[in-house]
Every structure is written in structure tokens, then in C-alpha cells.
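Reviewing the structure listed below.
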Amino acid sequence: MVIRSRPEEATPVGPRGNAGAGRSTRRPGRTRSDAQNLRARTYSYWFYAPAGLVYGLIFVVPTVIAFYYSLTRWTLFDSQFIGLDNFRQFFSEQSLVSGLKNTLIYAVVTSGLKVVLGMVFAVLLTGPIRSRGFLRSVVFFPVLVSTVAVGITFSMLLQPDTGLVAVVLSKVGITSPDWLGNPSTALLSVALVDVWKGVGLATLIYIAGILAIPKDYYEAVDVDGGGAWTKFRNVTLPLARPATFTVILLSLIGGLRSFDLIWTMTGGGPGFSSDVIASVIYKQYQAGFFGLATAGNVVLFVLVSLIVFPLFRYFNSREVES
Amino acid sequence: MKTFRPRFAIAMVAASALVPLAACSSSSGSGSGGGSGKTEITLLTDSADTTVKPAAAEIAAFEKANPTITVKTETRPGGSDGDNIVKTKLSTGDMADVFWYNSGSLLAALSPAKTLVDLTNDPALANTDPSFLPAVTQNGKVYGAPWGTAMGGGILYNKDVYAKLNLQVPKTWAEFESNSDKIKASGITAVLGSFKDTWTSQLFVLGDYHNVAAANPSFATDYTANKVKYATDQAAEKGFEKTAEAKQKGWLNASAGSTTFAQGIKLLASGRAAQYPLLTFPVGTLPPAQAAKIGFFGIPGDDASTNGATLWEPGGQYIPKTTTGAKLDAAKKFIAFVASPAGSDAYTSAAPPTGPYLVKGYSLPASAPPVAKDLEAYITAKATTPALEFLSPVKGPSLEQITVAVATGQTSAKDGAAQYDADVTKQAKQLGLPGW
């Protein structure tokens, strides 16, 4: 049996109202309404102003402008208002349909594998194994390498005639497919490299999550006579849920906007077979279709929001509950 | 005042990720060479070895002839990344005093009337062959002088393989097919694809233009005016069919999808591949012994009597409007030197010519590689047509991806042609051409 212990003393933090150090004794005789109370306890909103100004100028204003320019056909010199034509054009493009599909496949595959592998590595690396610290750094190492360098290195390794992977496989008697040159394997090959590169971060988050689980729960399972599987299934998995949510959210956002690795490894090719929305947009900028590309960015923004915000809210609600 | 809602904050953070437009314009130093009387100008070229070396040779020869001027070089990447840099530099006023860039349709995308110095009837173009001028003319104004040589676009072939298999240079597409089948049967790659460098996939379409123009002499004007389309013009669509045929008939190398252009040219020189649809310029990068093995022929059409080749004009040297005063004079002197017989000699000393220079009174040296001679023979026989991109400002930017998709069998020839037409429409609208 699992102990669903939720000890009352686990919430020792009382209402923070009594923490107003150094203020409460000033005017003891006067009674205050709640609103005044709030006013006295919070800083003036003017404190937000400097940060807000910088933030507004650098982020908010360009974003709003971008929304406007997505409705125009513009060059660097002038612009012409064309209504929703850009969006119509963007959605009627063949590369977009495959790009949208590829983006989702890529995000789900990388995010899923990172969650699973990250959890496996984390359990392994928090367990009592030899040279744990060293192995932890080995798993984390690819995260530190520049994405472009990883992309170039792997496109050499995966070259079907001369690449290391093909050479090794041929020693075992397997003919290596053209990993990046074959339209049906290109996207997945890149996704796997992305997982190789990103799983270290997921592992790190999981290690932190797992180490934060109090030892008592595991001891309780021991007392109840449960094995390693029970510990994992009933303690580690549910109590590492915040870590899982973080990993899913981060890797999903990363996957949806992923660009650099795909660009360095396949350039969206062969043809359009590994194009994701970000690379479609990049190519449109490159071609000088600025209005169209801006519209694409707006679409990407909406898409990421549509996927991530509901997920975020859902995770948040679950976190409070658990 | 309401409390600041965290969800809104998150939305804004996410939104900010959309806007990576950080314009970084460095202040270009306007210090004019101090009191020594020397003028220093800058030259921007692409970073390919085939450009950088001759540029250095040109500068050395030029500085020797003009001791009061020094020229410094900057480089930029080639391909569409380079296009971006050139456009950005021009629009932010950060352009070098002279830059080497493409002629033809890519020039049109720079809005030359707003950004470039008008060189119409300028003495700097005194030695330029008039046949080059249409490629750098916009609305009746001439903006550039040529650098480097013209190139052929068609099939590079390995002469040793052709000799060994007893093959003749094909004059019709049917002969090309039978050649390719024989090459394939002998175990050599018949048609080499190097689609990792996507631009190399376009040659069956772009290099076929000589045949398109033979069938319909007014194609370029009709095309610019939106009257003919690739998908509906029979002669034009053939280019896409030829692209697809290489895969269908099994002529293509198995690893075409991940072969790079540098690997491809080596495979061709080594004789492991026999035919490579490409431009002639890469032959200049090979050691002379290998370059001597490679010949060139235009993409064959249906009729042997109209057999010929498609010609790529040399790139243009342009001066941005931001270059003024003494620097402008120096810049004009420099482009005049490059587009002169002396400049052509300097160029040849650094890079073997892979086609003729369009400079008056200069002909190829005897040591030029066979591809240059093959191309010169087509020119002497008046059997060349400039590529469509030099006759019409309309060129869709996605052609290279579309032809890869066709060449790897993901898209049919017919669909590919239709996709390209749609791509071209976008470009024409962006350029604001009449009739689109």
C-alpha cells in the first residue's frame, strides 16, 4: 500500500499578513480599511516604469507593429496595405501545409523522447551508481555545444557514403539509409539529433525534481515491502510531476519554434520534406517577401500560444492540486 | 489601477520572441585617408574561393597601376544569405564603396534606382562589351560593369568516361537518354545530383531555356508580362520533366539528397559520375589536370538543328549611392580596370576562366580549360541564349526547393511547374510589376 501522507505540518507557512516587519507600529491608534491596507503594503506602480519602458520599447511596440506589417506588402523602403492577402497566401502555400505538419511532428517527437529519456537518465543518475558525477556531466555536455556546430557535425556523421554512422553500420552488414537526403527520414533524423542535444537539460530538471522528493516516502515504501518499481511508479513519477510539466513545456515550445538545427542539417530539404514553420518563414524573409514572412510570424505566435497556454494553465492547476 | 496579471506578462514574453529584428548598423568610418593623399575604398565580394582569389589579384594589379588608391576587401556569404546581406547593407547605408553581385533578376531586387549610382554612358564602361549591358539595365539606366567571365549552364561531362564508352556529345534529348542508359549500364553514375546544395538542382530547368526560347522566341517578354506560364507552356514544362526523368530512369546517384556540390565536382572529375547538370564555373576550382577532363554541352532539346547552350552573364560591379567624392572617382576607376583587358589578365592569373570575358578586345588564352572552349564554340556559332533570369526580372526564389522535390520524386513534374508559377507570382507582386 502506498501512503498518501499529506501531513498537516507540511504547511507551516502562515498567512503572510503578519510579516510586515517595521511598519505595523507606526500609527497604532488608527483603524484602516482593507484597501488602505493593501495600498500601504505594496510599492507604488511607478516602480515598474523604468522596466516597463524598456520592455515596451523593445518588445511590445515591435510586436504591435509586426501585427500591422503582417497586413502589408513591404520592402525595406515602403509598404502597401493589402489586408489579409498575406494570410491567404500563407495558408494556401504547399510548403506551409507540410511545414505545419512537420512542426507538430517535430515538437511532439522531440518533447516526448526528452521526457522519457530524461526521466530514465535522471532515475539512473540519482541512483547509487559508480562515477555518477562524471556521467551527469556526460549527459549534460551536448547542451553546452553550439547548435550549429552540432548540426554541421552530425550532417558529416550521417553522410551515407563517407559518414561515420554509415561506416560503422556497414561493418555490421547494414546498408545505411541516406539519413538526411531521403525525404522520408530527414525530419526524424534531425529530431533524434535534437533529442541527443536537448536531453541533458531535461535530465537536469528531472534530477533536481527527484532529489527534492523527501526520503521518507521511499522509506515508507521500503517499510511496506514495495520494490524499485513501486518506488518509481508511486513515488518518483507522481512527485516529479512539476519537473515533468516543466520539461514538456520547455521542450514543446522549443520544438515548435525549432529552427537552427533543422536549418544547419537539411535546410528544410530535401525539397520541403523537413520544412517547419520557422524555416518557411526564414525562407520568405530571405526571398524578400517581408509582409508574408511577418504574417507567418504572427501565425507562429498564435499557434504557439494556442498550444502552450492551455497546457500551461492545465499544468498549473494540476500543480496546485498535487 | 488593477493588479498586473501574470498571464498577460507571459503572453508578452512569448510575443517578444517573435521580434528578432535587431537592426545593427555600425557607423561606417568616413575618415578619408588622412593627409597622405591616398584614397581608400572598400570592395564587397562573396566569400567563395573562386571570387576571393581573383579579387585579390585584381586589387594587386589595380593598386600597382593606381598607387594613390588602396582597396580593402570585405566578404559576404553566397546564395540567398548573401542576397539578404546586400539588401540590408544597401538599405541601412552601410554598403562598401564597390560591390560585386549578380546581374539580371537579382539586380532588380535591389531597387537600383534608389540605391545605386547610374553608370549610363560612363567612361568606366568604355571596355565593356555591349552584349553585357541588358543584364545590368533597369528602366533604361545602366548600373554596372562586368566582373569575371560568362558561364554556361548545362551538362558538365567527364570526357574520359565518354571516350571509354564511345559516346558522342548528344545533340537531342533522345541521344542524351541513350547515353545516360549506357553509362548507367556500365555501373557509373549517369546523372549526378548534389541536392544538399539546393541551387545545383535547378539546371535542368534553367539550363533548358535555350530550347524554350528556340520554341518560342518571345517567351521572356511574355513571361514578364504574365502571359505564359511554366505549367502551361509545353516547351517550358519540359525542364521539369527532365528533372524528374533522372530519378525515374535511375540515372541519379543514390545519395543525391546529401551530396554537396564540392563532393559532386570531385566525383565527376574522378570518373565515378559521368554527367553533372551544373554551371561551368566550378571547373575553375579543380586542379588543371582534372579540369582538362571535363567538357561542357548545353542541355539538349528535341531538335538537333536548334541545339545550343544557355548562357549566364558575368556578375555586375556596382557602386552604391552612399559612395561620394574622391571615393566615387576611385570606385569608378576600379570597376573600369576590372572590366578591361588588363583586368581580365589579372583575373585569369588567379582563376582559370570557365567562359569568355565580356570585355572588348580580349579573347581566351590557349591555356583555358575545355569547358571555356566548349562554351566559346557555342558563342562563335551564335547558338547561345542568355538565361531567363537575365532577360526577365521575374524569378521565383523557391525554384531550388521545388526542383529538389521534383528530382527526388516527391512532386510530379506537372505539380512542380505549377508550384513554381505560384512562387513567381509572389515575387512579381513583391516587385510591383505591372500585369500581375
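First to last, the sequence lines map onto chains A and B. Just so we're aligned: the first sequence equals residues 45 to 366 in our numbering. Just so we're aligned: the second sequence equals residues 143 to 578 in our numbering. All residues carry an ideal CB built from backbone N, CA and C; glycine is no exception.
Item: What ranges does the alpha helix (DSSP H) occupy inside the segment 221-271 of chain B, keeping only unbroken runs of at least 4 residues that lie completely in it?; Value: 221-233, 247-250, 254-257
Item: Tell me where the beta strand (DSSP E) around ARG117 of chain A begins and ends.; Value: 116-118
Item: So the alpha helix (DSSP H) PRO512 of chain B belongs to, where does it begin and stop?; Value: 512-522
Item: CB-CB under 8 Å to PHE184 of chain A, same chain, minus the five flanking residues each way: which ones, in chain order?; Value: GLY244, LEU245, THR247, LEU248
Item: Give the list of continuous beta strand (DSSP E) stretches no shorter than 3 residues that lie fully inside the segment 326-405 of chain B.; Value: 331-333
Item: Under 8 Å, Cβ to Cβ, is there at least one residue of chain A near GLN552 of chain B?; Value: yes
Item: Under 9 Å, CB to CB, which of the residues in the segment 178-195 of chain A have a partner in chain B?; Value: none
Item: Quick check on DSSP: helix, strand or coil for ALA434 of chain B?; Value: coil
Item: Mapping DSSP to helix, strand and coil, what is PHE439 of chain B?; Value: strand
Item: When you compare the CB positions of LEU307 of chain B and LYS324 of chain B, do they come within less than 8 Å of one another, or not?; Value: yes
Item: Could you pull the start and end residues of the beta strand (DSSP E) that GLN138 of chain A belongs to?; Value: Per DSSP, GLN138 of chain A belongs to no beta strand (DSSP E); it is in the alpha helix (DSSP H), 138-170.
Item: Along chain A, which residues have their Cβ under 9 Å away from the Cβ of GLN432 of chain B?; Value: By Cβ distance, chain A contributes nothing, its closest Cβ being about 19 Å from GLN432 of chain B, past 9 Å.
Item: With the cut-off set at 8 Å, would you say GLN459 of chain B and TRP242 of chain B are in Cβ contact?; Value: yes
Item: Using only the alpha-carbon positions, how far apart do LYS214 of chain B and LEU185 of chain B sit?; Value: 6 Å
Item: MET293 of chain B bridges to which residues according to DSSP?; Value: B:TRP454
Item: What do you get for THR363 of chain B, buried or exposed, if any count of 16 or more other CB atoms within 10 angstroms of its CB means buried?; Value: exposed
Item: Would you kindly report the start and end of the unbroken alpha helix (DSSP H) that includes ILE544 of chain B?; Value: 541-549
Item: SER228 of chain A lies in the alpha helix (DSSP H); which residues open and close that run?; Value: Note, SER228 of chain A: premise wrong, no alpha helix (DSSP H); not H, not E.
Item: Taking only the alpha-carbon atoms, compute the straight-line gap between ALA415 of chain B and SER323 of chain A and give it to the nearest angstrom.; Value: 32 Å
Item: For a contact defined as C-beta to C-beta under 9 Å, what are the partners of LEU224 of chain A on chain B?; Value: LYS338, GLY399, SER400
Item: Between the C-alpha atoms of LEU533 of chain B and SER322 of chain B, what's the straight-line distance to the nearest angstrom?; Value: 31 Å
Item: What does the alpha-carbon distance come out to for the pair ALA404 of chain B and PRO282 of chain A?; Value: 53 Å
Item: For the segment 185-196 of chain B, which residues have a CB atom closer than 7 Å to at least one CB atom of chain A, in sequence order?; Value: none
Item: Can a CB atom of chain A be found closer than 8 Å to the CB of ALA207 of chain B?; Value: no
Item: Among B:TRP341, B:ASP271, B:GLY294, B:ASP375, which has the Cα closest to the Cα of GLY450 of chain B?; Value: B:GLY294
Item: In three-state DSSP terms, what is LEU300 of chain A?; Value: helix
Item: Return the Cβ separation of TYR351 of chain B and THR422 of chain B in integer angstroms, given the expectation that the two are a contact with Cβ distance under 8 Å.; Value: Not really, about 15 Å apart at Cβ, beyond 8 Å.
Item: Can you check whether the C-beta of ALA251 of chain B is within less than 8 Å of a C-beta belonging to chain A?; Value: yes
Item: Does PHE333 of chain A come within less than 8 Å of chain B when only Cβ atoms are used?; Value: yes
Item: Looking only at its chain, what residues have a beta carbon closer than 6 Å to the beta carbon of LYS301 of chain B, apart from the 5 residues adjacent to it on each side?; Value: LYS435, GLY437
Item: Identify, in the order they occur along the chain, each residue of the same chain with its Cβ nearer than 7 Å to the Cβ of THR217 of chain B, setting aside the five sequence neighbours on each side.; Value: THR187, ASP188, SER189, VAL194
Item: Do we get a CB-CB distance below 8 Å when we pair SER450 of chain A with the residues of chain B?; Value: Shown here, chain A extends from 45 to 366; a query on residue 450 of chain A therefore has no answer.
Item: Helix, strand or coil for VAL348 of chain A? Go by DSSP, reduced to three states.; Value: helix
Item: Take SER295 of chain A and list the residues in its own chain whose beta-carbon comes closer than 7 Å to its own, dropping the five residues that flank it on each side.; Value: THR154, SER155, LYS158, GLY242, ALA246
Item: Listed in chain order, which residues of the segment 299-323 of chain B have Cβ atoms closer than 7 Å to some Cβ of chain A?; Value: none
Item: State yes or no: is the C-beta of THR314 of chain B within less than 8 Å of the C-beta of ASP516 of chain B?; Value: no
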